[in-house]
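Take a look at the structure below.
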Amino acid sequence: MVVTRFAPSPTGYLHIGGLRTALFSYLWAKKNNGKFVLRIEDTDKARNSEEAAEAILKAFEWLGLEHDGEIEYQSKRDDIYAKYIKQLLDEGKAYKCYMSREELDALREEQMANKQRTKYDGRYRDFDGTPPEGVEPVIRIKAPLTGEILVRDGVKGDISFQAEDILDDFVIARADGSPTYNFVVAIDDALMGINEVIRGDDHLSNTPKQIVVYEALGFEVPKFYHVPMIHNSEGKKLSKRDGATDVMAYKEMGYTPAALLNFLVRLGWSHGDQEIFSMEEMIHLFNPEDINKSASIYNTEKLDWLSSHYIKNTSNDELAELLTDYDLVLTSHDKKEILLDALKERAKTLAELANMAKEILTTPTSFDEKAAKKAFKGDAITILNTFGAKLSATENPHLPAEYHHLMEDVINEMEIGFGKIGQPLRLALLGKMGGPGLDVVMSVIGKTETMLRIANAITANTNND
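Throughout the sequence shown, residue numbering follows numbering that gives the first Met the number 0, covering 0 to 464 in sequence.
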């Protein structure tokens, strides 16, 4: 059974690169009817944030990425790590190192002066003398001094590291007894049955150390997939400006979970020329061995295109429910249908859709000055008054077509072009030019509100004259 995991550190927000890794791991587990484990790597007590941990869980809930089993917290597993540290010490595979910080700094300075790789020199590797007083030792693992460490990688292929080039006897427990990252990750993955690890290739340099731990403890080494990073359009590391921000910020910006996940799955993975993927299709088609070997490029235009696609293809009832997160409540079923049918073809995000709707539903308190000078010249006031009178005499118009017929009646009676009524009426209804069809706007806000807005516009622009 395939068992994957996502293991974030709660020291900051969950960013887009981490979410992509989680998605890839989730898809691969689900495709194979396996398990997807969520583990919070919170051993760094000085930097951990409860808010960050909660934000990670909220992001998973919002996106619908359900993990299997209970959430695992490293901070609750200290006894397990201590057990394996003792085991390695008892077996002579690890040892206590009494080297002081000053000694270590001096060694590194000397190595740098001699243009050598900085590394621990193993002076306590086989130490059997009297330990120096007043020094709390760290625990170092006995790493191989020579030979090859082979990383079998499903994305990059087999990668060979020479022990003498990259390793020293690295620390697995600090002087205060707290275990280090590479040690606990290997133990947790082994004990939790993680047999396929999908993660960013910034972790590739950690992999040889983790293999040393696996082999020292007799654990089976999982298969690795190191995923290239996401870059901006200039080929550089993502910044907040580019999109490397809290995943929940994408909700605030108005992207749907479906659009965001579809966008992420295409960052570094493809299936022919297909761009739109349902979750079912992602699970069916995804294979981490098809992940690109080069970095992917973050493209906001592609995200907006996907977002607009999903908005257009979402039912109005579901859209109305989603829009409540943006302080928009649509109660009338008929008006909801008319409004959303008109606007969802134009919106890139839910936030944009909500703003468009609010511009229609909110009575304008001011009018675009430049547009008003153009729209309210000549007989514009007379035209609006004529339309207002016809609307007043019409019993409960409801559909856009009914309002459209009223505009046509005025156009025919006064022998004017559509622009003559369209421009002043649009300004009266919305306070600006632009927006959906006027018949749609009026059918949404209704007869009484339409007449009120026309009266307000006439008053405002008469006084301005």
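Even for Gly, the Cβ is constructed at its ideal location relative to N, Cα and C. Computed from a prediction, not measured in an experiment: that's the story for all the values here.
- [ ] Could you say which of Leu405, Gly416, Ser295 lies nearest to Thr449 if we only look at CA atoms?
- [x] Translated into the one-based positions of the sequence shown, residue 449 becomes position 450. When the alpha-carbon of Thr449 is set against those of Leu405, Gly416, Ser295, the nearest one is in Leu405.
Task: Opening and closing residue of the beta strand (DSSP E) in which Asp157 lies - done: As a working mapping, residue 157 is identified with position 158 in the sequence shown. Start and end: 156 to 161.
TODO: Taking Glu214 as part of the alpha helix (DSSP H), name the residues at either end of that continuous run.
DONE: Locating residue 214 in the sequence shown gives position 215, counting from the first residue. It spans 206 to 216 - the alpha helix (DSSP H) in which Glu214 sits, taken as one unbroken run.
Open item on the list: I'd like the span of the beta strand (DSSP E) that includes Asp340, first residue to last.
Closed with: The residue labelled residue 340 in the question sits at position 341 within the sequence shown. Counting along the chain, Asp340 falls outside any beta strand (DSSP E), though it belongs to the alpha helix (DSSP H) covering 332 to 342.
TODO: Could you check which residue in Arg173, Leu349, Met228 has the C-alpha nearest to that of Tyr249?
DONE: Indexing the sequence shown from 1 puts residue 249 at position 250. Ranked by how close their Cα comes to the Cα of Tyr249, the residues Arg173, Leu349, Met228 have Leu349 in first place.
Open item on the list: Among the candidates Leu237, Met281, Tyr309, Ile296, whose CA atom is the shortest distance from the CA of Pro256?
Closed with: Taking the sequence shown and counting its residues from 1, one reaches residue 256 at position 257. Taking only the C-alpha atoms, the option nearest Pro256 is Tyr309.
- [ ] Could you say if the region 101 to 119 and the region 172 to 191 meet the contact criterion of at least three C-beta pairs nearer than 8 Å?
- [x] Too few Cβ pairs lie closer than 8 Å, so no.
- [ ] Return the bridge partner residues of Tyr224 from the DSSP annotation.
- [x] For the purposes of this step, residue 224 is taken as residue 225 along the sequence shown, with counting starting at 1. The beta-bridge partner set that DSSP reports for Tyr224 consists of Ile197.
Open item on the list: Going by the DSSP bridge assignment, what does His35 pair with across the sheet?
Closed with: Residue numbering aside, residue 35 sits at position 36 when the sequence shown is read from its first letter. The identity of residue 35 in the sequence shown is Phe, whereas the question assumes His. Beta-bridge pairing links Phe35 to Thr3.
- [ ] Count the other C-beta atoms from every protein chain shown that fall within 10 angstroms of the C-beta of Ser442, then say buried if there are 16 or more, exposed otherwise.
- [x] The residue labelled residue 442 in the question sits at position 443 within the sequence shown. That one is buried.
- [ ] Might you give, ordered along the chain, the residues of its own chain that have their beta carbon closer than 8 Å to the beta carbon of Gly16, omitting 5 neighbours on each side?
- [x] On the sequence shown, position 17 is the one that residue 16 refers to. These residues qualify, in order along the chain: Gly199, Met228, Ile229, Leu237, Ala243.
Open item on the list: Using the three-state DSSP reduction, which class does Glu90 fall into: helix, strand or coil?
Closed with: Counting from 1 along the sequence shown, the entry for residue 90 is found at position 91. Correct three-state label for Glu90: coil.
TODO: Could you give the DSSP three-state label for Arg425: helix, strand or coil?
DONE: In the sequence shown, counting from the first residue as 1, residue 425 sits at position 426. In the three-state reduction of the DSSP assignment, Arg425 falls in the helix class, which pools H, G and I.
- [ ] Assign Gly128 to buried or exposed, taking buried as 16 or more other Cβ atoms, counted over all protein chains shown, within 10 Å of its Cβ.
- [x] Here residue 128 is taken as the residue at index 129 of the sequence shown, counted from 1. By the neighbour-count rule (16 or more Cβ atoms within 10 Å), Gly128 is not buried but exposed.
Task: Simplified DSSP state of Lys431, which is helix, strand or coil - done: As a working mapping, residue 431 is identified with position 432 in the sequence shown. Coil at Lys431, not helix or strand.
- [ ] Excluding the 5 residues preceding and the 5 following Lys141 in the sequence, name in chain order all residues of the same chain whose CB lies nearer than 8 Å to its CB.
- [x] Locating residue 141 in the sequence shown gives position 142, where the first residue counts as 1. The beta carbon of Lys141 sits closer than 8 Å to the beta carbons of Gly91, Lys92, Ala93, Tyr94, Arg124, Asp168, Ala215 from its chain, once the five residues preceding and following it are set aside; these are given in chain order.
Task: Element boundaries [alpha helix (DSSP H), containing Arg19] - done: Working through the sequence shown from its first residue, we reach residue 19 at position 20. Segment 15 to 30, the alpha helix (DSSP H) holding Arg19.
Task: Alpha-carbon to alpha-carbon, Ile210 and Asp152 - done: The residue you call residue 152 lines up with position 153 of the sequence shown. The residue you call residue 210 lines up with position 211 of the sequence shown. C-alpha separation (whole angstroms): 13 Å.
TODO: Let me know the secondary structure DSSP gives Ile296 once reduced to three states.
DONE: Here residue 296 corresponds to residue number 297 of the sequence shown, with the count starting at 1. Under the three-state reduction of DSSP, Ile296 is assigned to strand.
Task: Under 8 Å between C-beta atoms of Gly434 and Tyr325 - done: By 1-based counting over the sequence shown, the position of residue 434 is 435. By 1-based counting over the sequence shown, the position of residue 325 is 326. For Gly434 and Tyr325, no; Cβs fall outside 8 Å.
TODO: Give a yes or no on whether the C-beta atoms belonging to Asn261 and Leu318 are separated by under 8 Å.
DONE: Sequence index remark: in the sequence shown, residue 261 carries index 262 (1-based). Sequence index remark: in the sequence shown, residue 318 carries index 319 (1-based). For Asn261 and Leu318, no; Cβs fall outside 8 Å.
TODO: At 4 residues or longer, and completely inside the region 352 to 423: list those alpha helix (DSSP H) runs for me, N to C.
DONE: Runs of the alpha helix (DSSP H) lying entirely within the region 352 to 423, each at least 4 residues long, are 368 to 374, 379 to 391, 399 to 413 in chain order.
Task: Coarse secondary structure for Val443, derived from DSSP in three states - done: In the sequence shown, counting from the first residue as 1, residue 443 sits at position 444. Helix, per DSSP.
Task: the region 63 to 77 in contact with the region 25 to 41 per 3-pair CB rule at 8 Å - done: Short answer: they touch.
Task: Ala54, DSSP secondary structure in three states - done: On the sequence shown, position 55 is the one that residue 54 refers to. For Ala54, the secondary structure class from DSSP, reduced to helix, strand or coil, is helix.
TODO: Please report the residue range of the beta strand (DSSP E) in which Glu147 lies.
DONE: For the purposes of this step, residue 147 is taken as residue 148 along the sequence shown, with counting starting at 1. Here the beta strand (DSSP E) through Glu147 covers 147 to 152.
Open item on the list: For the pair the region 415 to 431 and the region 364 to 381, tell me if three or more CB-CB distances fall below 8 Å.
Closed with: The region 415 to 431, when compared against the region 364 to 381, does touch it at the 8 Å Cβ threshold.
Task: Whole alpha helix (DSSP H) elements within the region 233 to 314, 4-residue minimum - done: As far as the region 233 to 314 is concerned, its whole alpha helix (DSSP H) runs of at least 4 residues are 246 to 252, 256 to 264, 278 to 284, 299 to 311.
Task: Nearest-angstrom Cβ-Cβ length linking Val226 and Gly267, presumed shorter than 8 Å - done: Here residue 226 is taken as the residue at index 227 of the sequence shown, counted from 1. Here residue 267 is taken as the residue at index 268 of the sequence shown, counted from 1. With a Cβ gap of about 6 Å, Val226 and Gly267 count as contacting.
Task: Alpha-carbon to alpha-carbon, Gly68 and Ile186 - done: Looking up residue 186 in the sequence shown gives position 187. Looking up residue 68 in the sequence shown gives position 69. Just so you know, the alpha carbons of Ile186 and Gly68 end up roughly 18 Å apart.
Open item on the list: Please report the distance separating the alpha-carbon of Met98 from that of Val212.
Closed with: As a working mapping, residue 98 is identified with position 99 in the sequence shown. As a working mapping, residue 212 is identified with position 213 in the sequence shown. Taking the straight line joining both Cα atoms gives about 22 Å.
Task: Residues near Asp464 by beta carbon distance below 6 Å, same chain, minus five either side - done: On the sequence shown, residue 464 is found 465 positions in, with the first residue counted as 1. Low confidence applies here, because Asp464 scores a pLDDT of 49, under 50, leaving its location unreliable; read the following figure in that light. Spatial neighbours of Asp464 in its own chain (CB-CB distance under 6 Å, excluding positions within 5 residues in sequence) are not present.
- [ ] Give the straight-line distance between the Cα atoms of Gly416 and Ile382, rounded to the nearest whole angstrom.
- [x] The residue you call residue 416 lines up with position 417 of the sequence shown. The residue you call residue 382 lines up with position 383 of the sequence shown. Approximately 11 Å between the Cα atoms of the pair.
- [ ] Go ahead and label His332 buried or exposed: buried means 16 or more other beta carbons lie within 10 angstroms of its beta carbon, across all protein chains shown.
- [x] As a first step, residue 332 must be located in the sequence shown, where it is residue number 333. Answer is exposed; the Cβ neighbour count stays below 16.
- [ ] Drop a sphere of 10 angstroms on the beta-carbon of Met0, count the other beta-carbons inside from all chains shown, and report buried for 16 or more, exposed for fewer.
- [x] Taking the first residue of the sequence shown as position 1, residue 0 is located at position 1. Under a 10 Å Cβ-count criterion, Met0 is classified as exposed, with fewer than 16 other Cβ atoms of the shown protein chains found around its own Cβ.
Task: CB of Asp482 within 8 Å of CB of Ala400, strictly - done: Nothing in the structure corresponds to residue 482, since the chain is present only between 0 and 464.
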